[in-house]
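Written below as structure tokens is the structure these notes are about.
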Amino acid sequence: MCGIVGYVGRRPAAPLIFEGLQHLEYRGYDSAGIGLIKADDTFELYRNVGRVAALLECFEPRQSDSHVGIGHTRWATHGAVSVLNAHPHRSYHGDFLLVHNGVIENFKTLKSFLLEKDYAFYSDTDTEILANLIEFYYQQQATTEPASFLQAVQEALRHVQGTYGLAVLCQDCPNHLLAARNGSPLLIGIGDNEHIVASDAAAIVTYTSQVIYLRDREIALMSSDDLQICTLQSENVSAEVCTIDWSPEEAERGQHEHYMHKEIYEQAQVIVNAIRGHISDDFSSPRFGGLAPLGNRWNEIDRIVFCACGSAWHACLEAEYLIEHYAHIPVEVEYASEFRYRNAPLSKRTLVVVVSQSGETLDTLAALAEAKRRGYPVVGITNVVGSTISRETDCGIYQHAGPEIGVASTKAFTSQLCILAMLAVYLGRLRHMDYTEGVSFIQALQELPQKIEETLLLEQQISEIAQRYYQSEQFLFLGRQTLFPVALEGALKLKEIAYVYAQGYPSAEMKHGPIALVSKECPTVIFATQAAIFPKTLSNIQEIRARNGPIIMVATGEIPMDPSESEAFVIIPKTHPALQPILATIPAQFFAYHMALRRGCDVDKPRNLAKSVTVE
Ligand code: F6R
Numbered sequence: 002m003c004g005i006v007g008y009v010g011r012r013p014a015a016p017l018i019f020e021g022l023q024h025l026e027y028r029g030y031d032s033a034g035i036g037l038i039k040a041d042d043t044f045e046l047y048r049n050v051g052r053v054a055a056l057l058e059c060f061e062p063r064q065s066d067s068h069v070g071i072g073h074t075r076w077a078t079h080g081a082v083s084v085l086n087a088h089p090h091r092s093y094h095g096d097f098l099l100v101h102n103g104v105i106e107n108f109k110t111l112k113s114f115l116l117e118k119d120y121a122f123y124s125d126t127d128t129e130i131l132a133n134l135i136e137f138y139y140q141q142q143a144t145t146e147p148a149s150f151l152q153a154v155q156e157a158l159r160h161v162q163g164t165y166g167l168a169v170l171c172q173d174c175p176n177h178l179l180a181a182r183n184g185s186p187l188l189i190g191i192g193d194n195e196h197i198v199a200s201d202a203a204a205i206v207t208y209t210s211q212v213i214y215l216r217d218r219e220i221a222l223m224s225s226d227d228l229q230i231c232t233l234q235s236e237n238v239s240a241e242v243c244t245i246d247w248s249p250e251e252a253e254r255g256q257h258e259h260y261m262h263k264e265i266y267e268q269a270q271v272i273v274n275a276i277r278g279h280i281s282d283d284f285s286s287p288r289f290g291g292l293a294p295l296g297n298r299w300n301e302i303d304r305i306v307f308c309a310c311g312s313a314w315h316a317c318l319e320a321e322y323l324i325e326h327y328a329h330i331p332v333e334v335e336y337a338s339e340f341r342y343r344n345a346p347l348s349k350r351t352l353v354v355v356v357s358q359s360g361e362t363l364d365t366l367a368a369l370a371e372a373k374r375r376g377y378p379v380v381g382i383t384n385v386v387g388s389t390i391s392r393e394t395d396c397g398i399y400q401h402a403g404p405e406i407g408v409a410s411t412k413a414f415t416s417q418l419c420i421l422a423m424l425a426v427y428l429g430r431l432r433h434m435d436y437t438e439g440v441s442f443i444q445a446l447q448e449l450p451q452k453i454e455e456t457l458l459l460e461q462q463i464s465e466i467a468q469r470y471y472q473s474e475q476f477l478f479l480g481r482q483t484l485f486p487v488a489l490e491g492a493l494k495l496k497e498i499a500y501v502y503a504q505g506y507p508s509a510e511m512k513h514g515p516i517a518l519v520s521k522e523c524p525t526v527i528f529a530t531q532a533a534i535f536p537k538t539l540s541n542i543q544e545i546r547a548r549n550g551p552i553i554m555v556a557t558g559e560i561p562m563d564p565s566e567s568e569a570f571v572i573i574p575k576t577h578p579a580l581q582p583i584l585a586t587i588p589a590q591f592f593a594y595h596m597a598l599r600r601g602c603d604v605d606k607p608r609n610l611a612k613s614v615t616v617e
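Note that my numbering gives residue 571 to position 570 of the sequence shown, counting from 1, and the numbers run on in steps of one.
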């Protein structure tokens with residue numbers, strides 16, 4: 002949510018910041034702005050509503066002579082979408098420019114304090130308050146040196162409750178850029194005589210692969226050739242320099258019209274990446290070097306609690322079915338936002354697992370902090386190396402799915418499904434599952450990328466189905482057992498990107514209420530790949546057909562249903578039951594994508610949404 006870029010160095014700052022913001026646009030895209038320090042040491046400030054490109058209506062990046070600047074692409078929290086509420090914000094006396102990602106929770110108290118000091122405000126944002134608070138403490142300093150700039154920010158932030166990723170410019174220190182973080186991601190790229198601050202690596206990777214991930218309550222003050230990191234209490238920090246493990250091309254769209262389309266097509270490779278290095282030497286079990294710190298505790302664990310949000314929560318629900326089935330360990334799946342405030346009784350032998358593509362979702366981080374506070378071991382599954390989850394958990398597994406830019410999660414979700422199925426079988430093999438069962442799972446795992454390629458060939462057929470139904474305003478998605486999370490995910494995709502109301506249910510639950518919606522105008526997408534329980538699903542299908550509800554079936558070839566009994570019939574390849582949900586998800590992704598295209602929606606930047614939700 003909200004993207005930040007800051008630059009100080011030898012290059013012209015404006016084009017680099019502008020381009021960086023375009024890479025971060027998926028984090029928020031309702032307004033954007035850039036603030037620069039000109040060669041004459043004065044500020045220039047450009048802001049506009051709409052996408053980053055709309056900034057070009059008010060400035061030409063290549064005409065700026067600045068080598069220091071900050072930029073922001075906004076996802077509104079405090080204050081409507083307007084030029085005045087767009088970042089950067091300028092402090093009342095004009096000494097500071099500031100961009101902010103996060104929420105200042107005690108903004109009212111801070112604003113009252115500043116009003117008493119005769120500060121006035123032009124915007125409705127919490128960010129402007131922070132800019133003024135920094136200015137207030139700066140004006141108490143004895144000098145106008147960079148050290149005073151740093152001390153003023155430290156003092157201001159000591160009074161702030163809430164979350165922030167910040168980049169700040171001070172007019173008296175025209176060769177310096179300051180960054181600070183608490184709860185909102187921020188990293189610093191280290192180049193040749195330059196430093197780049199950004200909310201994520203996508204804005205940096207073109208210039209350098211060497212980065213420092215700022216930690217909570219750390220502040221970095223930098224010039225082109227100097228970088229000093231300390232805490233709010235002025236303790237020096239010696240930060241670790243990490244290498245970004247993906248290339249700039251991976252963050253490009255290539256031949257695809259949308260990132261989402263590209264990412265759907267990357268799923269075979271994503272599964273190859275998820276499997277790599279995770280198969281035991283005798284090919285009978287997954288293995289995870291990243292879980293080694295837990296040692297033999299796996300044998301003692303008698304309950305696993307998963308915490309996640311959105312699609313990652315759906316992936317965890319899948320894990321509940323699989324871990325209980327294969328490893329006989331009771332599992333609970335919590336919305337991270339609920340877990341945090343619940344007093345869920347956990348036993349000494351409970352393991353908490355947090356799952357998050359970005360590794361920065363605030364609700365999930367809060368659940369993680371709560372679990373740690375209560376003394377439970379926490380395992381993290383995340384896609385982003387160096388993310389907060391990767392650093393704060395006791396151990397974990399990386400997805401290695403590459404950057405996911407489309408706001409609607411696709412490849413990260415199927416990668417989570419794959420890793421969680423592997424985790425279920427890994428735990429099963431530690432307990433009840435025999436060698437041959439393990440071998441047959443591993444075989445299926447190795448064949449999965451090929452089966453994904455075959456499933457991707459269904460795009461044209463699914464596009465034609467979308468053509469038939471794109472005017473429908475509501476859908477039901479049904480699935481039993483391991484296909485219930487797929488139904489939830491299919492419904493979520495359709496809501497997010499095509500703005501069509503869709504609800505996922507366990508198939509049989511449909512008759513306990515949702516059947517009231519069934520009509521010619523409300524199609525039902527049914528996932529059915531489990532032959533043994535298909536007769537039950539068939540009953541549900543008959544109930545829907547008796548009420549003229551159109552049926553779109555997603556099934557494997559072995560399902561004994563006459564295709565003429567549904568309005569559309571999509572046949573996916575058959576695989577191991579633990580992996581079948583991965584193949585069943587792909588038609589749902591294509592369906593949402595083609596529905597969105599036909600309804601004229603912006604697939605990669607759906608309204609009201611942003612990737613990486615760093616507010617509560
Ligand atoms: C849905 C989607 C969201 C995310 C959710 C959690 O397409 O992308 O529901 O799954 O916001 O995000 P992460 O996995 O980054 O914690």
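A virtual CB, placed ideally from N, CA and C, is assigned to each residue, including glycine.
Handout entry: Opposing strand residues paired with E333 [DSSP bridges]
Key = V306
Practice task
Go ahead and label L57 buried or exposed: buried means 16 or more other beta carbons lie within 10 angstroms of its beta carbon, across all protein chains shown.
Solution key: exposed
Handout entry: DSSP three-state assignment for R52, whether helix, strand or coil
Key = Coil, per DSSP.
Problem - Sequence-distant residues of its chain with Cβ nearer than 8 Å to P515 (five each side left out) - result: L477, Q504 and Y506
Problem - Cβ neighbours of A269 in the same chain (closer than 7 Å, five flanking residues each side left out) - result: P450, I453 and E454
Practice task
Output the residue ranges of the alpha helix (DSSP H) runs that lie fully inside the segment 564-592 and measure 4 residues or longer, sorted by chain position.
Solution key: Taking only runs of at least 4 residues, no alpha helix (DSSP H) segment lies wholly in the segment 564-592.
Problem - Limits of the beta strand (DSSP E) - the one that C231 falls within - result: L228 to T232
Handout entry: Residue from A40, G381, V161 and Y266 whose Cα sits closest to the Cα of L233
Key = Of the candidates A40, G381, V161 and Y266, the one whose C-alpha sits nearest the C-alpha of L233 is V161.
Exercise for the section: Check each candidate in F414, I466, T351 and E129 and name the one with the smallest Cα separation from L295. Expected result: T351
Exercise for the section: Apply the 10 Å Cβ neighbour rule to P561 and answer buried if 16 or more other Cβ atoms are within range, or exposed otherwise. Expected result: That one is exposed.
Problem - alpha helix (DSSP H) segment containing E544, residue limits - result: F535 to R546
Practice task
Just the C-alpha distance for I406 and H24, rounded to the nearest angstrom, thanks.
Solution key: 9 Å
Exercise for the section: Return the Cβ separation of A593 and F528 in integer angstroms, given the expectation that the two are a contact with Cβ distance under 8 Å. Expected result: Taking 8 Å as the upper bound for CB-CB distance, A593 and F528 are not in contact here, some 14 Å apart.
Handout entry: Three-state class that DSSP yields for A503 in the structure shown
Key = Here A503 sits in strand by DSSP.
Handout entry: From Q444, A547 and L428, residue whose alpha carbon lies closest to that of H329
Key = For H329, the closest alpha carbon among the candidates Q444, A547 and L428 is that of L428.
Practice task
Indicate, with yes or no, if the ligand F6R has a heavy atom lying under 8 Å from the CB of F414.
Solution key: yes
Exercise for the section: Out of A547, M554, R548 and N549, state which residue places its alpha-carbon closest to the alpha-carbon of F535. Expected result: M554
Handout entry: Helix, strand or coil at F122 according to DSSP, with G and I counted as helix
Key = coil
Handout entry: heavy atom of the ligand F6R below 8 Å from G439 C-beta
Key = no
Handout entry: C59, buried or exposed, once every other Cβ within 10 Å from all chains shown has been counted against 16
Key = exposed
Exercise for the section: Mark K263 as exposed unless 16 or more other C-beta atoms lie within 10 angstroms of its C-beta, in which case mark it buried. Expected result: buried
Practice task
Identify the continuous beta strand (DSSP E) that holds A153 and give its terminal residues.
Solution key: Boundaries for A153: no beta strand (DSSP E) harbours it, while the alpha helix (DSSP H) harbouring it runs P147 to R159, taken from the DSSP string.
Handout entry: I443, DSSP secondary structure in three states
Key = helix
Handout entry: Coil, strand or helix - P287 by DSSP
Key = strand
Practice task
Using the Cα positions of G291 and I265, report the straight-line distance between them to the nearest angstrom.
Solution key: Near 27 Å, if we compare the C-alpha coordinates of I265 and G291.
Problem - Contiguous alpha helix (DSSP H) assignments of at least 4 residues, all confined to the segment 361-417 - result: 363-374 and 389-393
Problem - Own chain residues within Cβ distance below 7 Å of A252, not counting five before or after - result: H24, A203, V206, P404 and I406
Problem - G192 in three-state terms, based on DSSP - result: strand
Exercise for the section: With DSSP as the reference, label Y471 as helix, strand or coil. Expected result: If DSSP states are grouped into helix, strand and coil, Y471 belongs with coil.
Exercise for the section: Label H433 either buried or exposed according to how many other C-beta atoms from any shown protein chain fall within 10 Å of its C-beta, with 16 as the threshold for buried. Expected result: exposed
Problem - Reference Y47; option with closest CA among V84, Q141 and A77 - result: Nearest to Y47 by alpha-carbon distance, out of V84, Q141 and A77, is V84.
Problem - Distance cut-off 8 Å: G311 Cβ against heavy atoms of the ligand MN - result: This structure does not include the ligand MN; its bound ligands are the ligand F6R.
Problem - T533 to A367 span [Cα, whole Å] - result: According to the sequence shown, residue 533 is Ala rather than Thr. Answer to the nearest angstrom: the Cα atoms are 41 Å apart.
Exercise for the section: Spell out the partners DSSP gives S464 in its beta bridges. Expected result: According to DSSP, S464 bridges with nothing at all.
Practice task
Taking only heavy atoms of the ligand F6R into account, decide whether any of them is closer than 8 Å to the Cβ of V501.
Solution key: no
Exercise for the section: For the alpha helix (DSSP H) holding F60, just list the boundary residues, first then last. Expected result: Unbroken run through F60: none, as it is neither H nor E.
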